[in-house]
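Chemist: I have a structure here, written as structure tokens, and I will follow up with some questions on it.
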Amino acid sequence: MLRSLARAAQRLSMRRPEISVELCVLLTCMFFAVISSAPFWKALLADRRWADASTWTFAAPVFIAITLLHFAVLAAVCNRWTAKPILAVLLLVNACAMPFMQDYGVYLDPTMVRNIVRTDVGEAGEYLSVTGLMRVALYGGVPAAVLLTLRFSRRPLARAAVVRCVLIAGAVLGSLLALALVMKDFAPLMRAHKQMRYLITPGNYLYSMTRVLTGTIRGEAPARTHLVGTDRHTASAAIADKPVLFVMIVGETARGDNFSLNGYARDTNPRLSNLDIVNFPDVTSCGTATEVSLPCMFSPFGRDRYDEDTTRNHDGLLNVLAHAGYRVLWRDNNSGCKGTCEGDGIALQTASQLSSVECPNGRCLDEILLRNLNVVASTGAENVFLVLHQLGNHGPAYYQRYPPTFRRFTPTCDTVELRKCTQEQLVNTYDNAILYTDHLLGEVIAFLSERADQYRTAMLYVGDHGESLGEGGVYLHGLPYAIAPHVQTHVPMLMWMSESFREDFKVNSQCIRAQATRAASHDNVFHSIVGLLAIETSEYRADSDLFESCVRHALRAAGRT
């Protein structure tokens, strides 16, 4: 019986038509060019009409070039044994990438791929949806299943090598000739919109992943550059009995445009508007994703000098504070500190460590960051710098970022499939999360006010980057900085200081309020905090200190530059 079944299966296998590996690779690359790269064609032909013959004479050579270039690369690594697994994996990964590019307007450049690689399971899980899984099955699972049923023809090794080399060379030459036909139109378009190449799949993520991996394994990391911080002011005998308690809150995905403090028509800051704060309405982020903005804002370099390797191997603000004798604590309700809280003297607490029970959907509301804060400020015998890293307005699950009591703007978008929601629903949901952040900041200020007799207390809140809410068909964040819309780079920033903090640090409140109306950026964060707290370090730059002209403490009076 078993022998009969085996013979029947063998006969069935023998009846399947054979196909060469090269033809299989070519057909798959055509599928990549047409289906997987649909966002590229939408962007490339945005100003053209399909009814015009010129559109076809432009698109056809580009299609040929993309297909042949992918073929040349894949044909070099695909043979009878490797073709099926390699092409099947690419089909599935392409299908996973398509919803991000089509639904959210994502470009798979090295920065975005780095974000994906370093994200956590909870964050990644929020992007899953029934519709998305169906699309993965349709555009990835079905073609991969068909691929796995194919039967490859065989050639003698020598002949196969010659044929393969000729075909690869012909593909490279053919792609160059195809591009030559449209170079007059294609080259200026790609020069003006370089980011468009990150919509060509799978070339986009294969190139970006290579960049990320080569940067990771380039060799042994250089020795970390240490910065020594010397806190002169707080050592003064006159005020040594009252240390500093400074809380810095890093907002997540908060649009400066949606803060009523910045002129937004809807009242999203009812609590903060009644508090004595200093608001900075014109602040620009260092990047359009946490992976860049977070390390950048804590570093002394600024956006123009930002380099990932240099920044990650160089002390930042928290290291300087720790060297100056501060007790430094990072509380995280997000996907980590991206290297900014590494080093001696810096403690890390995650949401899971702060919560005694599992948070719904594995993601805690931001009030978890306030758990047992009284323990942090219990001794009153040391300077404390506390960072609270919010989950904030992280999308696409905006509706999970606030408790039901903050669902004030309705109707809301209660799904991660943002294109299913109206613009009104999406903005309502996003603004409810801003309302919750307003509440959180109010709670922190209340906590600091209660301890103003024990500490010199202050708070700084700054967002890491903004967000697109469907404007121009773009959602979420992470667009290349050169083309990122204002809403992805305009972030909120505000500050609160207790009376004792202002007095002891000789802060001119009117001066700071005047300075706050000027344009600022993440470039100012390191230098402004270092300057305000009178900490000496070789990296301090007075021209990047927002408070430099508004503070007259003893250190500056002694002639500090």
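Remember, this note's numbering sits 10 above the position in the sequence shown when you count from 1. Where is the CB? At the ideal position from N, CA and C, for every residue including glycine.
1) Use the C-beta contact count for H80: other C-beta atoms within 10 angstroms, 16 or more gives buried, fewer gives exposed.
2) Please look up how many angstroms separate the CB atoms of Q400 and N344, rounded, as I've assumed it's under 8 Å.
3) Going by the beta-carbon positions, is the gap between L445 and G480 smaller than 9 Å?
4) When the Cα of H203 is compared with those of L489, P109, L255 and N329, which residue comes out closest?
5) State the beta-bridge partners of W340 as determined by DSSP.
6) On the CB-based measure, 16 or more other CB atoms within 10 Å of its CB, does N89 come out buried or exposed?
7) Does the distance from the C-beta atom of P198 to that of V103 stay below 9 Å?
8) Are the region 315 to 324 and the region 512 to 530 touching, with three or more C-beta to C-beta distances below 8 Å?
9) Identify which residue in A82, V156, M108 and M206 has its Cα closest to the Cα of A592.
10) With a threshold of 7 Å on Cβ separation, who are the neighbours of I210 within its own chain once the five nearest residues in sequence on each side are excluded?
11) Tell me, please, whether the CB atom of V437 is closer than 9 Å to any CB atom in chain D?
12) Whose C-alpha, out of T65, V31, P280 and L97, is nearest the C-alpha of S163?
13) In chain order, what are the residue ranges of uninterrupted alpha helix (DSSP H) at least 4 long that sit wholly in the region 424 to 474?
14) Give me whichever residues DSSP pairs with A530 in a beta bridge.
15) Going straight from the alpha carbon of R562 to that of K516, what length do you get?
16) So, are the CB atoms of D474 and S303 less than 9 Å apart?
17) Using only the alpha-carbon positions, how far apart do M144 and Y114 sit?
18) Report the residue ranges of all alpha helix (DSSP H) runs contained in full by the region 252 to 303; include only those spanning at least 4 residues, in chain order.
19) When DSSP labels each residue in this structure, what does V146 get in the three-state scheme?
20) Got a sec? Which residues, its chain only, sit under 6 Å from P421 by beta carbon, not counting five neighbours each side?
21) Between the C-alpha atoms of I455 and G261, what's the straight-line distance to the nearest angstrom?
22) Check for me: the alpha helix (DSSP H) holding P95 runs from which residue to which?
23) Taking 8 Å as the limit between beta carbons, can you name the residues of its chain near S554, skipping five residues before and five after?
24) Beta strand (DSSP E) containing P502: first to last residue?
25) What is the rounded straight-line gap between the Cα of V192 and the Cα of Y550?
26) Identify the continuous alpha helix (DSSP H) that holds C34 and give its terminal residues.
27) Quick check on L497: buried or exposed, where buried means 16 or more other Cβ atoms within 10 Å of its Cβ?
28) According to DSSP, is I545 helix, strand or coil?
29) Is the separation between the beta-carbon of P502 and that of V293 shorter than 9 Å?
Modeler: On the basis of the data shown:
1) Start at 1 with the first residue of the sequence shown, and residue 80 comes out as number 70. Buried, by the Cβ-count rule.
2) Looking up residue 400 in the sequence shown gives position 390. Looking up residue 344 in the sequence shown gives position 334. That pair is a contact at about 7 Å.
3) Start at 1 with the first residue of the sequence shown, and residue 445 comes out as number 435. Start at 1 with the first residue of the sequence shown, and residue 480 comes out as number 470. No. Outside cutoff.
4) Within the sequence shown, the letter at position 193 stands for residue 203. With distances taken between Cα atoms, H203 lies closest to L489.
5) For this step, residue 340 is matched to residue 330 along the sequence shown. Note: W340 sits in a beta bridge opposite L358 and V397.
6) Stepping through the sequence shown from its first residue, residue 89 is reached at position 79. In the assembly as shown, N89 is an exposed residue. Its beta-carbon has fewer than 16 other beta-carbons within 10 Å.
7) Your numbering for residue 198 matches position 188 in the sequence shown. Your numbering for residue 103 matches position 93 in the sequence shown. No, these two residues do not count as a Cβ contact at 9 Å.
8) no
9) Lying outside 11 to 571, the shown extent of the chain, residue 592 is not represented and no answer is given.
10) One-based indexing of the sequence shown puts residue 210 at position 200. Correct list, in chain order: S47, F50 and I76.
11) The chain labelled as chain D is not found in the depicted structure, where only one protein chain is given.
12) Translated into positions along the sequence shown, residue 163 becomes position 153. Minimum Cα distance to S163 is reached at V31.
13) 433 to 460
14) Looking up residue 530 in the sequence shown gives position 520. A530 pairs with V293.
15) Position 552 of the sequence shown, counted from the start, is the residue given in the question as residue 562. Position 506 of the sequence shown, counted from the start, is the residue given in the question as residue 516. The alpha-carbon atoms of R562 and K516 are separated by roughly 5 Å.
16) Here residue 474 refers to the residue found at position 464 of the sequence shown. Here residue 303 refers to the residue found at position 293 of the sequence shown. In contact: D474 and S303 (Cβ atoms closer than 9 Å).
17) Taking the sequence shown and counting its residues from 1, the one referred to as residue 144 is at position 134. Taking the sequence shown and counting its residues from 1, the one referred to as residue 114 is at position 104. Approximately 17 Å between the Cα atoms of the pair.
18) none
19) Locating residue 146 in the sequence shown gives position 136, where the first residue counts as 1. It is helical.
20) Looking up residue 421 in the sequence shown gives position 411. Same-chain partners within the cutoff: Q435.
21) Position 445 of the sequence shown holds residue 455. Position 251 of the sequence shown holds residue 261. Approximately 15 Å between the Cα atoms of the pair.
22) Position 85 of the sequence shown, counting from 1, holds the residue named residue 95. Counting along the chain, the alpha helix (DSSP H) containing P95 begins and ends at A93 to Y114.
23) Translated into positions along the sequence shown, residue 554 becomes position 544. Taken in chain order, the residues that qualify are G312, D533, N534, F536, H537 and S538.
24) On the sequence shown, position 492 is the one that residue 502 refers to. Here the beta strand (DSSP E) through P502 covers H500 to M507.
25) What you label residue 192 is simply residue 182 of the sequence shown in a count that begins at 1. What you label residue 550 is simply residue 540 of the sequence shown in a count that begins at 1. For the pair V192 and Y550, the Cα-to-Cα distance works out to about 52 Å.
26) Locating residue 34 in the sequence shown gives position 24, counting from the first residue. In the DSSP assignment, C34 falls within the alpha helix (DSSP H) that extends over V31 to F41.
27) By 1-based counting over the sequence shown, the position of residue 497 is 487. This sequence places Val at residue 497; Leu is not what is there. Buried is the call here.
28) If you number the sequence shown from 1, residue 545 lands on position 535. Three-state result, I545: strand.
29) Position 492 of the sequence shown, counted from the first residue, corresponds to residue 502. Position 283 of the sequence shown, counted from the first residue, corresponds to residue 293. Yes.
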